[in-house]
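There are 4 protein chains.
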Amino acid sequence: MNPGTATVEGQRASLSAPARLRNLLRSPELEFVMSAHDGISARIVAEAGFPAIWASGLSISTVMGARDNNEISWTQLVAAVEVMADMTSIPIIVDGDTGFGDFNNARRLARKLGQVGAAGVCIEDKVFPKANSFVGAHHQLANIDDFCAKLRACRDTSPDLVLIARVEAFICGAGLDAALERAEAYRQAGADAIFMHSRLTVPDEIVAFMARWDNALPVVIAPTTYAAAGAQLFRDAGVSVAIWANHTLRAAVAEMRRAARTIREEEGPARIEQDLTPLSELFELMDYDELLHAEERYYGHLR
Amino acid sequence: MNPGTATVEGQRASLSAPARLRNLLRSPELEFVMSAHDGISARIVAEAGFPAIWASGLSISTVMGARDNNEISWTQLVAAVEVMADMTSIPIIVDGDTGFGDFNNARRLARKLGQVGAAGVCIEDKVFPKANSFVGAHHQLANIDDFCAKLRACRDTSPDLVLIARVEAFICGAGLDAALERAEAYRQAGADAIFMHSRLTVPDEIVAFMARWDNALPVVIAPTTYAAAGAQLFRDAGVSVAIWANHTLRAAVAEMRRAARTIREEEGPARIEQDLTPLSELFELMDYDELLHAEERYYGHLR
Amino acid sequence: MNPGTATVEGQRASLSAPARLRNLLRSPELEFVMSAHDGISARIVAEAGFPAIWASGLSISTVMGARDNNEISWTQLVAAVEVMADMTSIPIIVDGDTGFGDFNNARRLARKLGQVGAAGVCIEDKVFPKANSFVGAHHQLANIDDFCAKLRACRDTSPDLVLIARVEAFICGAGLDAALERAEAYRQAGADAIFMHSRLTVPDEIVAFMARWDNALPVVIAPTTYAAAGAQLFRDAGVSVAIWANHTLRAAVAEMRRAARTIREEEGPARIEQDLTPLSELFELMDYDELLHAEERYYGHLR
Amino acid sequence: MNPGTATVEGQRASLSAPARLRNLLRSPELEFVMSAHDGISARIVAEAGFPAIWASGLSISTVMGARDNNEISWTQLVAAVEVMADMTSIPIIVDGDTGFGDFNNARRLARKLGQVGAAGVCIEDKVFPKANSFVGAHHQLANIDDFCAKLRACRDTSPDLVLIARVEAFICGAGLDAALERAEAYRQAGADAIFMHSRLTVPDEIVAFMARWDNALPVVIAPTTYAAAGAQLFRDAGVSVAIWANHTLRAAVAEMRRAARTIREEEGPARIEQDLTPLSELFELMDYDELLHAEERYYGHLR
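Residue numbers (the working numbering), protein chains in the order written: chain A, 1 to 303; chain B, 1001 to 1303; chain C, 2001 to 2303; chain D, 3001 to 3303.
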């Protein structure tokens, strides 16, 4: 592992991943978290210095050949998170969608996510199966009591795991009062933080919410559509964590398309070879040296 | 699906994926095949117009957080191939390493790969667990008879699946005569094609092999280290298929690193937003419209 | 394989598993189907001469350490069915619960079940996550139109797979008219058969339904609670298939408890050794000989 | 959970599963351990009062439709153990076969087994893929140094997990001196206990080994073929743990065959109904009540 990761390793010794995530959420600073979707992207996010990873449902679905409509099963999600957790020591926040059913499904998901090394899970207040919040106009909010039942069940089952309640009131067109009512209900049900989602191209809904929420709990946002608003605005509004929720995937897709097209057209990678990560760097990123050292250690002169 | 894929779909109706792969191998033309490692990369390779996909062991291992030393299990490999096969209709050649054990393990792998939609499997003549051919200097060739047993068992179990025998004689420093002897033995054991591997930065080993092999079976290469030799040289040498064995992954890794670093440093994606695939294009690539149409179809005016 | 299975193998050559299941459903005879939940129980059901297997959700959940409340994921169910399909050639009817979500989840499940070798899937008209029909008093029927959407989506996606619509009207206390209305709606939506469920200890609900249904489609029952009514009554009522829905599991559980308790108390299996299947028979049931023959075939005198 | 399990739960609070397994191995008493192969059999073994479970490779393979020749992958084994660990709090010793490859595969297996809740892993000194020790006459011992490398790698990677080295010298016909030499080498490589295997119908090999081994480490046996020798003989010989390695499976198979045959012949379960575990007991064994209580707790009067 590179030195940056090593530092995180040092911190790991003293604090659990959930504890570090709680510190991150509660710190007065605005922190940025980057999405990942598999083993190598998780390591890349850690390498870049981000303090935590967003295990994006959209991104994980995409690499699994599925749409972000609960097409992959909850056990497939857990398996994807396990790969990511094995590749990094920074805390992972899992996009748990609606919890994949009722309170019982949600608490089972939470327990398994904790077992594979996730630091936290985010559950959103829509109906299963959900649709991606950026697609379509017919999103359906869950009943508040049912959703609070989910939160309380996760809380009881996994007291250590960070629990983030995602409010889809703005996505569903329910407005600010509904957003505030739900955020408060979820706080009382045991959430550690509120993820307030908006798909406007301006941050107005978020700013309006923050003005009245008064930081009763730390607030998380994903400014996919309103990134142009800028970090300072989020900071001034009192946001705790901003998630770049799908950017590593979108970078990968763009470049794979360019590379595939070019290599196809030119019958070879000559012109773009220097844009590709060399195998040597890939092997370094994946700790191949550790294996060579282990062979020496365990086989001595046998090999 | 886009028109390019649609054309392939048309062909699919008439010929099975293995049949199309056999045609590809036997055609007098040099064909290029691109690696993929998950659902979205498979679709991107098809979109770029490649006639087939190489399900790369190195790349699949990397996204699963593992090294290319049989760290992932054979069932994890099958699951990864299933995702890729579900995302595209072009034939998939699976990097089956050594077959994950003996003839029995190999034939079980082959059968499952066929079931999930692979068109062919490539088995290499090293000892399990293998190391990546570009790493280290201590690769061990399998006993010829044991390896032929694997090929015959796969042939018998999966008569339809294309069976490619990968010769690691050059990787192991065994020389040209050994390469020829093994290629011929594997031909007699039922292989449909020979994958002759070399890790020199020049194509000399391949050219020498082709000169004496006389196209007894179609030959596949992966010119990762000797790509600079150029397509015409491979064509002149009589190569049937050249595989770009890890290039989509290396493109993705390079760009994810650049994007993660930039967004981290600049506290936002503003400067590189235009380099990322827009969500709308991602949704198009993943056929989200199909789901909207299906909702209309099955729900009518209910939603 | 034993001769009985061999006969089925003979039939397999000519007809697909779904075709054989359709014949079974449409035949004028009452047929009995037995539940299984893993590889060995599937083989045992075939060995006993049953013409088909019920892949029981209750039983599969139990061996997976879960309750019959959609605690296991749909991909775990598919994996369990794959094991069973690999172990037998008689048709497998999969207990698909509610389809694990909406029409899209249901059609994805149906497609994967077909891919791993299932002959048919049974979908029930309750709300996800469902509860076992024998547990509790608060079962909730699905909206008819939503459920018909599921059936039509499965029908379109998997035209070959046998599609059985399970009516839970009696379980939910909705009465005979509701049962008939739903059965007819599901017939129009494309179901191949109706599974009419009852948890009374007498067959009255089933008999009443059959009297008015007039065999518009073949009818399947699971007389777990009203088995004492007897085969002749089911035959006279015109039932097509009666499923013993959990009996292999209940036999296994009972005997494992007895054996574990006895061996614990007596510090050894001496007294019950003759009640246990000998290893030699287990090896025969699992075709170990095939592997020995294959070793001879592929290694010759090498081993 | 029943009172017996509750007692174990009490102990669980104070000691980890590996710690309890170490105590079991080191106690001067002969202890008996029973095999299990899935969720329900694990719970039954705990219910019967056994202090630990043997996660049998033969049994797990059988229920997964595979032969005990490393036909299932190591990740499938881990998944099976996870189910068992989730169903019980008594320590689970996992039959890890040869570690599924070299030292790297073995240590990865060990780490994952620990993560899902196993208390210990047993690794045997044969060559991958192994055959069941009761089948065939051509078992091949691993090189001692290679096997010690595996043990040391597991020890380093999973210091907490109990590590049992299984000596197959008698199975391979290598004799007593070889058995002793290997046991001592494995002790020095870090094993917590030695599993000395024999397939004679008399305990002579074990007794001869114990006489010279002098309890340098606790010894585990699986008296499948020489059970008739009796507990007192094992006790007198100084054996630490005797494993009934496949008895729950063999009980289940025997009774499922009897039940399936009878129900088939008699067109119903009437005559054997009283031999089957009632659904009510099955629901009790699987804690269905917990779910009903949880519904009350989280939904209040909503349902």
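Glycine is no exception: its CB is placed at the ideal position from the N, C-alpha and C atoms.
Kindly indicate which three-state DSSP category residue i falls into: helix, strand or coil?
i, result
"Lys1130(B)", "coil"
"Phe3283(D)", "helix"
"Arg2264(C)", "helix"
"Phe2050(C)", "coil"
"Phe195(A)", "strand"
"Leu1233(B)", "helix"
"Ala1055(B)", "strand"
"Ile221(A)", "strand"
"Leu2015(C)", "coil"
"Val2167(C)", "strand"
"Thr2088(C)", "coil"
"Tyr298(A)", "helix"
"Ala3066(D)", "coil"
"Glu71(A)", "coil"
"Tyr3288(D)", "helix"
"Phe3209(D)", "helix"
Run through the DSSP bridge pairs and tell me what residue i is partnered with.
i, result
"Val1033(B)", "Ile1243(B)"
"Gly120(A)", "Ile93(A), Val162(A)"
"Ile1040(B)", "Its beta-bridge partners do not exist; DSSP assigns none."
"Leu2141(C)", "Lys2126(C)"
With a cut-off of 7 Å, does the C-beta of residue i fall near any C-beta of chain B?
i, result
"Glu255(A)", "yes"
"Asn3105(D)", "yes"
"Val45(A)", "yes"
"Arg2152(C)", "yes"
"Ser3073(D)", "yes"
Taking 7 Å as the CB-CB cut-off, is residue i touching chain C?
i, result
"Asp102(A)", "yes"
"Pro129(A)", "yes"
"Gln188(A)", "no"
"Phe1283(B)", "no"
Suppose contacts are defined by Cβ-Cβ distances below 7 Å. Is residue i in contact with residue j by that definition?
i, j, result
"Phe2195(C)", "Arg2155(C)", "no"
"Pro2223(C)", "Ala2242(C)", "yes"
"Ser1158(B)", "Ala1119(B)", "no"
"Arg67(A)", "Tyr1288(B)", "yes"
"Leu2058(C)", "Val2081(C)", "no"
"Ala3208(D)", "Leu3163(D)", "no"
"Thr3225(D)", "Thr3201(D)", "yes"
"Asn3215(D)", "Pro3129(D)", "no"
"Trp1213(B)", "Ser3073(D)", "no"
"Pro3018(D)", "Leu3151(D)", "no"
"Phe100(A)", "Ala153(A)", "no"
"Ser1089(B)", "Ser1056(B)", "no"
"Ala3048(D)", "Ala2260(C)", "yes"
Using beta carbons (cut-off 7 Å, strictly below), is residue i in contact with chain A?
i, result
"Phe1134(B)", "yes"
"Gln2115(C)", "no"
"Ala3042(D)", "no"
"Ala3149(D)", "yes"
"Ala2140(C)", "The amino acid occupying residue 2140(C) in the given sequence is Gln; Ala does not appear at that position. Chain A, which has no Cβ nearer than 7 Å to the Cβ of Gln2140(C), makes this no."
"Gln2076(C)", "yes"
Beta-carbon of residue i versus every beta-carbon of chain D: anything under 7 Å?
i, result
"Tyr288(A)", "no"
"Arg2297(C)", "no"
"Asp2204(C)", "no"
"Ser1027(B)", "no"
"Asp2236(C)", "no"
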